[in-house]
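So the number in this note's numbering is just where the residue sits in the sequence shown, counting from 1, plus 50.
Even for Gly, the Cβ is constructed at its ideal location relative to N, Cα and C.
Note that the coordinates shown come from a computational prediction; the quantities given were computed from them, not determined experimentally.
Notes to accompany the following structure.
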Amino acid sequence: MKKYVIIVAGGSGSRMRSDVPKQFLKLKGKPVLMHTIERFYKAFDNDLEIVVVLPQAQHNYWKSLCVEFEFNISHKIVSGGVTRMNSVENGLMAIGEDGIVAIHDGVRPMINEKVIKEAFSSAEVYGSGVVCVYPKDSLRVIKNHESLLTQSVNRAEYLIVQTPQVFRVEQIKSAFKSASNYEFTDDASVYENTGKAINIVIGDYDNIKITTPEDMLLAEALLNG
Ligand code: C5P
């Protein structure tokens with residue numbers, strides 16, 4: 051079956067408090083986004099079509115980085131949208147009509163081959179493969195944001211959702227068409243909105259999403275480990 055990955059890096063990354071978008075920050079001397087693309091490429095070699103979603107204004111900069119770093123892994127570049135959902139939709143428009151597609155955050159460069167392959171296998175067998183981990187901390191639900199009125203919840207009833215999230219192409223395309231009036235923060239929610247159940251793949255804690263400055267230190271340490 052044809053395989054795709056859509057790597058979304060179309061956001062503004064305001065939480066990083068850096069002039070350089072987080073996908074271009076250097077991890078062991080190389081842009082974060084290149085690490086992420088390499089992880090997928092190494093899992094399937096040429097048996098995978100790679101689509102990278104970047105804000106239009108960053109396309110030329112990214113191309114110049116690829117030249118500078120002699121980065122030769124073949125990929126299509128498409129434009130990001132206002133929301134993450136818009137960015138994923140743009141990526142979906144750039145791929146064929148059937149096969150399996152992984153949707154992955156560009157700022158998760160630590161994803162490993164085993165988890166990638168398990169998520170694809172899950173989508174082949176069950177229609178979806180959504181990578182999650184169990185929470186390590188205790189959790190509280192916020193009842194009132196202003197007064198910070200909270201209540202403890204049973205952590206055993208929760209999972210932390212990561213990416214990749216992998217689906218059959220025709221099913222996720224049609225799910226996005228019927229979800230255009232909603233604002234979901236991940237693709238599993240879009241898929242589930244059609245009434246289909248999600249199949250979970252338990253992933254790894256080191257698949258961090260680089261969001262705030264200390265995440266870069268952690269990612270460097272993990273890469274060195
Ligand atoms: O905002 P959040 O941390 O959920 O972003 C997760 C991923 O989605 C990031 O890789 C970010 O670049 C991407 N994104 C996007 N287009 C947007 C917003 C976020 O591709 N409009």
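For this session: On the DSSP bridge assignment, give the partners of residue 8 in chain order.
Result: Since the displayed the chain opens at 51 and closes at 275, residue 8 lies outside it and no answer follows.
Exercise. So which residues touch the region around ligand 1, with touch meaning a C-beta under 7 angstroms from any heavy atom?
Worked result: 58, 59, 60, 61, 63, 73, 103, 130, 131, 132, 133, 134, 136, 137, 155, 156, 157, 235, 259 and 261
Problem set entry | Beta-carbon proximity check, residue 236 vs residue 215, cutoff 8 angstroms | In the sequence shown, the residue the question calls residue 236 occupies position 186. In the sequence shown, the residue the question calls residue 215 occupies position 165. Against a cut-off of 8 angstroms, the Cβ pair of residue 215 and residue 236 comes out as a contact.
Exercise. Would the stretch 114-130 and the stretch 52-63 be scored as touching if the rule is three or more Cβ pairs under 8 angstroms?
Worked result: yes
Exercise. Along the chain, where does the alpha helix (DSSP H) that runs through residue 263 open and close?
Worked result: Here residue 263 corresponds to residue number 213 of the sequence shown, with the count starting at 1. Residues 263-274.
For this session: Tell me whether residue 54 sits in a helix, a strand or coil according to DSSP, three-state version.
Result: What you label residue 54 is simply residue 4 of the sequence shown in a count that begins at 1. In this structure, residue 54 counts as strand in the three-state DSSP scheme.
Exercise. Which runs of the beta strand (DSSP E) spanning at least 3 residues fall entirely within the stretch 169-218, listed in chain order?
Worked result: 178-183, 189-194, 199-203 and 210-218
Exercise. Between which two residues does the beta strand (DSSP E) harbouring residue 251 extend?
Worked result: Your numbering for residue 251 matches position 201 in the sequence shown. Start and end: 250-252.
Problem set entry | Helix, strand or coil at residue 142 [DSSP, three-state] | As a first step, residue 142 must be located in the sequence shown, where it is residue number 92. In this structure, residue 142 counts as helix in the three-state DSSP scheme.
For this session: Go to residue 152, then tell me how far its beta strand (DSSP E) extends in each direction, as first and last residue.
Result: As a working note, residue 152 is residue 102 in the sequence shown. Where residue 152 is concerned, the enclosing beta strand (DSSP E) stretches over 150-155.
Exercise. Any idea if residue 113 is buried or exposed, counting beta-carbon neighbours within 10 angstroms, 16 or more meaning buried?
Worked result: By 1-based counting over the sequence shown, the position of residue 113 is 63. With fewer than 16 other Cβ atoms within 10 Å, it is exposed.
Exercise. So, is residue 262 buried or exposed, given that buried needs 16 or more other C-beta atoms within 10 angstroms?
Worked result: In the sequence shown, the residue the question calls residue 262 occupies position 212. Exposed.
Exercise. Counting Cβ pairs, one atom from each stretch, are 3 or more of them under 8 angstroms apart for the stretch 131-151 and the stretch 181-198?
Worked result: no
Exercise. Considering only residues of the same chain and omitting the five flanking positions on each side of residue 68, which have a CB-CB separation below 8 angstroms?
Worked result: Looking up residue 68 in the sequence shown gives position 18. For residue 68, where only same-chain residues beyond five positions count, the Cβ hits under 8 angstroms are 75 and 263.
Problem set entry | Assumed close pair residue 123, residue 91 - CB separation to whole angstroms, cut-off 8 angstroms | Here residue 123 refers to the residue found at position 73 of the sequence shown. Here residue 91 refers to the residue found at position 41 of the sequence shown. Between residue 91 and residue 123 the Cβ distance is about 5 angstroms, and since that is below 8 angstroms, they are a contact.
For this session: Return the CA-CA distance between residue 52 and residue 246, expressed in angstroms with no decimal places.
Result: As a working mapping, residue 52 is identified with position 2 in the sequence shown. As a working mapping, residue 246 is identified with position 196 in the sequence shown. Using only the alpha carbons, I get a separation of about 22 angstroms.
Exercise. Taking 7 angstroms as the cut-off, is the CB of residue 181 close to at least one heavy atom of ligand 2?
Worked result: Among the ligands present in this structure, namely ligand 1, ligand 2 is not found.
Problem set entry | Simplified DSSP state of residue 246, which is helix, strand or coil | Against the sequence shown, residue 246 aligns to sequence position 196. If DSSP states are grouped into helix, strand and coil, residue 246 belongs with coil.
Exercise. Does the beta-carbon of residue 147 have 16 or more other beta-carbons within 10 angstroms, so that it is buried, or is it exposed?
Worked result: Within the sequence shown, numbered from 1, the residue matching residue 147 stands at position 97. Exposed is the call here.
For this session: Confirm, please, whether the CB-CB distance from residue 159 to residue 109 is below 8 angstroms.
Result: Translated into the one-based positions of the sequence shown, residue 109 becomes position 59. Translated into the one-based positions of the sequence shown, residue 159 becomes position 109. Not closer than 8 angstroms, so no.
Exercise. Thinking C-beta only, is residue 232 closer than 8 angstroms to residue 243?
Worked result: Here residue 243 is taken as the residue at index 193 of the sequence shown, counted from 1. Here residue 232 is taken as the residue at index 182 of the sequence shown, counted from 1. Cβ atoms of residue 243 and residue 232: closer than 8 angstroms.
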